[in-house]
Amino acid sequence: MLNLLKSDLYRLVRGKMLWVLLVLMTVGVTLSVAMLWFVSTDTFMEMAQQNVSSSSQSGASATADEDAPDTMMYVTYVPDGSVAEPVDTTTAPGLSHVAGSIVLGGGFAMLLCGLFTAIFLSSDVSTGFSKSILAARRSRMAYYLEKLLVVALVAFAFVVVGVIACAISTTVADFTFTDPESIGSLLAWMALTWLITYAYACVVALVTWISGNVAAGAVTAVCTTMVEGVVQSALGALFPGSPVAGAIVDWLPVTSAGLLGSGSDLLTAAATTGEVFTPLAHVLITGIVCIGVVGGASLAIVRTRDV
Numbered sequence: 000m001l002n003l004l005k006s007d008l009y010r011l012v013r014g015k016m017l018w019v020l021l022v023l024m025t026v027g028v029t030l031s032v033a034m035l036w037f038v039s040t041d042t043f044m045e046m047a048q049q050n051v052s053s054s055s056q057s058g059a060s061a062t063a064d065e066d067a068p069d070t071m072m073y074v075t076y077v078p079d080g081s082v083a084e085p086v087d088t089t090t091a092p093g094l095s096h097v098a099g100s101i102v103l104g105g106g107f108a109m110l111l112c113g114l115f116t117a118i119f120l121s122s123d124v125s126t127g128f129s130k131s132i133l134a135a136r137r138s139r140m141a142y143y144l145e146k147l148l149v150v151a152l153v154a155f156a157f158v159v160v161g162v163i164a165c166a167i168s169t170t171v172a173d174f175t176f177t178d179p180e181s182i183g184s185l186l187a188w189m190a191l192t193w194l195i196t197y198a199y200a201c202v203v204a205l206v207t208w209i210s211g212n213v214a215a216g217a218v219t220a221v222c223t224t225m226v227e228g229v230v231q232s233a234l235g236a237l238f239p240g241s242p243v244a245g246a247i248v249d250w251l252p253v254t255s256a257g258l259l260g261s262g263s264d265l266l267t268a269a270a271t272t273g274e275v276f277t278p279l280a281h282v283l284i285t286g287i288v289c290i291g292v293v294g295g296a297s298l299a300i301v302r303t304r305d306v
């Protein structure tokens with residue numbers, strides 16, 4: 000298993016796929032921080048003022064059509080030309096709050112790590128590498144455990160790169176942190192972020208191994224959070240006030256991602272009214288259970304599956 004791990008890490012470091020995805024993570028985070036900076040500038044507010052003024056002029060020139068049938072109504076909204084006060088998007092309590100809203104809230108970590116997982120796991124099958132490796136082994140368990148370990152390491156790399164890119168970008172953009180977290184709190188938040196990111200990657204691994212198709216894994220990486228959002232909306236609409244539906248929504252990984260998206264405050268936050276677990280315990284339980292169930296199901300399925 001150790002030799003196989005070294006071999007995979009060597010191939011990843013020498014290859015292009017991992018580096019391309021890490022660059023995409025860096026670019027995505029940097030552009031997101033740049034957007035936050037731009038919307039707080041005077042240039043953006045001037046552009047907004049010009050748009051509102053233009054809308055006001057076009058709205059004021061619109062009149063009701065007197066010749067229209069009685070069954071048809073023309074309603075025109077005329078803005079008053081006012082513009083809201085600029086929002087200071089360059090001030091945050093700490094780095095984890097900005098990184099959480101981008102790396103997790105923006106979906107960069109789950110998406111890119113999921114795409115890596117689909118490509119990485121399916122490449123062994125498409126190249127015939129897995130068949131030659133498994134033919135020389137008495138047990139498949141070590142091979143598949145090693146693959147999940149590689150995915151775990153890469154998931155952590157995505158989180159670290161995302162946070163570093165966010166730290167550099169916010170420094171360049173001169174962001175202000177009013178209550179910066181300690182290094183220990185930031186590292187603890189990063190560990191929890193890795194846990195949820197890896198949980199999503201395990202779901203992609205399960206689908207990729209079952210289907211043997213990189214496209215299926217890639218679609219899962221792209222659509223998992225969307226599906227969770229649909230499930231949340233559907234359960235809320237079909238079973239309003241249902242404790243079972245509420246519990247299902249609360250324990251979806253996307254809920255933990257939302258908690259982490261608010262930054263390291265969850266590390267010391269108390270349980271809300273009616274909740275048994277604190278946000279920290281909630282994220283830990285969700286991540287560990289999801290990884291255990293999905294990872295265990297993956298290993299159980301691939302043990303006897305032909306490659």
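Last residue of the sequence shown? That's 306 in numbering that gives the first Met the number 0, and every number before it is there in order. A virtual CB, placed ideally from N, CA and C, is assigned to each residue, including glycine. None of the values given here were measured: they were computed from a predicted structure.
Span separating the alpha-carbon of residue i from that of residue j
| i | j | result |
| --- | --- | --- |
| Ser-168 | Leu-251 | 31 Å |
| Leu-147 | Thr-254 | 24 Å |
| Ile-300 | Gly-294 | 10 Å |
| Ala-67 | Leu-237 | Confidence at Ala-67 is low in this model, with a pLDDT of 42, below 50, so the placement of that residue should be treated as unreliable; the coordinate-derived value is given next. Taking the straight line from one Cα to the other gives about 41 Å. |
| Val-159 | Met-189 | 8 Å |
| Tyr-142 | Asp-7 | 11 Å |
| Leu-1 | Phe-174 | 43 Å |
| Ala-19 | Tyr-9 | The residue you asked about is not Ala; residue 19 is Val in the sequence shown. Their backbone Cα atoms lie some 16 Å apart in a straight line. |
| Ile-284 | Met-24 | 27 Å |
| Ala-59 | Asp-41 | Residue confidence for Ala-59 is low, a pLDDT of 47 falling below 50, so the modelled location carries little weight; the figure read from the coordinates is stated next. Using only the alpha carbons, I get a separation of about 27 Å. |
| Pro-78 | Pro-239 | Its pLDDT being 48, under 50, Pro-78 is placed unreliably in this model, and the value from its coordinates should be taken loosely. Going from the Cα of Pro-78 to the Cα of Pro-239 covers about 37 Å. |
| Gly-228 | Val-221 | 13 Å |
| Val-206 | Leu-265 | 31 Å |
| Thr-170 | Leu-191 | 24 Å |
| Val-292 | Val-226 | 19 Å |
| Pro-242 | Ile-182 | 38 Å |
The alpha helix (DSSP H) enclosing residue i, as first and last residue numbers
| i | result |
| --- | --- |
| Trp-250 | Trp-250 -> no alpha helix (DSSP H), and no H or E assigned at all. |
| Phe-238 | From DSSP, Phe-238 is part of no alpha helix (DSSP H); its letter is neither H nor E. |
| Arg-13 | 1-13 |
| Ile-209 | 182-210 |
| Pro-92 | No alpha helix (DSSP H) holds Pro-92; DSSP gives it neither H nor E. |
| Phe-276 | Unbroken run through Phe-276: none, as it is neither H nor E. |
| Phe-37 | 16-37 |
| Phe-157 | 140-171 |
Proximity to residue i [Cα-Cα], best of the options
| i | options | result |
| --- | --- | --- |
| Thr-219 | Met-109, Asp-7, Leu-30 | Met-109 |
| Met-34 | Ile-101, Gly-286, Phe-119 | Ile-101 |
| Glu-274 | Ala-246, Leu-266, Ser-263, Ala-296 | Ala-246 |
| Val-26 | Val-162, Leu-8, Met-46, Leu-152 | Val-162 |
| Leu-144 | Ala-204, Gly-14, Gly-228, Val-97 | Ala-204 |
| Ile-287 | Thr-29, Glu-45, Ala-151 | Ala-151 |
| Arg-302 | Arg-139, Thr-170, Lys-5, Ser-232 | Arg-139 |
| Trp-208 | Lys-5, Ala-296, Glu-227 | Ala-296 |
Cβ neighbours of residue i in the same chain (closer than 7 Å, five flanking residues each side left out)
| i | result |
| --- | --- |
| Met-71 | Bear in mind that the predicted position of Met-71 carries a pLDDT of just 34, short of 50, making it unreliable; the figure below should be weighed with that in mind. There are no such residues. |
| Ala-270 | Phe-276, Thr-277 |
| Ala-154 | Cys-112, Trp-193, Thr-196, Tyr-197, Ala-200 |
| Asp-69 | Since pLDDT at Asp-69 reaches only 41, below the 50 mark, its modelled position is unreliable, and no value is offered. |
| Phe-176 | Ala-91, Pro-92, Gly-93, Leu-94 |
| Ala-233 | none |
| Gly-14 | none |
Whether residue i touches residue j by CB criterion (8 Å)
| i | j | result |
| --- | --- | --- |
| Leu-3 | Phe-115 | no |
| Thr-224 | Gly-106 | yes |
| Leu-21 | Ala-187 | no |
| Val-202 | Ile-118 | no |
| Pro-179 | Gly-93 | yes |
| Ala-172 | Cys-289 | no |
| Ser-31 | Thr-89 | no |
| His-281 | Leu-258 | yes |
| Ala-256 | Leu-103 | yes |
| Gly-216 | Ser-122 | no |
Sequence-distant residues of its chain with Cβ nearer than 6 Å to residue i (five each side left out)
| i | result |
| --- | --- |
| Tyr-76 | Per-residue confidence for Tyr-76 stands at a pLDDT of 38, beneath the threshold of 50, marking its modelled position as unreliable; the derived number appears in the next sentence. Excluding sequence neighbours, Tyr-76 sits near nothing in its chain. |
| Ser-263 | Ser-95, Glu-180, Ser-184, Trp-188 |
| Gln-231 | Val-248 |
8 Å Cβ shell around residue i - same chain, five flanking residues per side excluded
| i | result |
| --- | --- |
| Gly-235 | Ala-244, Val-248 |
| Ala-268 | Thr-277, Pro-278, Leu-279 |
| Cys-165 | Val-28, Val-32, Leu-94, Val-97, Ala-98, Ile-101, Val-102 |
| Val-149 | Leu-4, Asp-7, Leu-8, Leu-11, Phe-119 |
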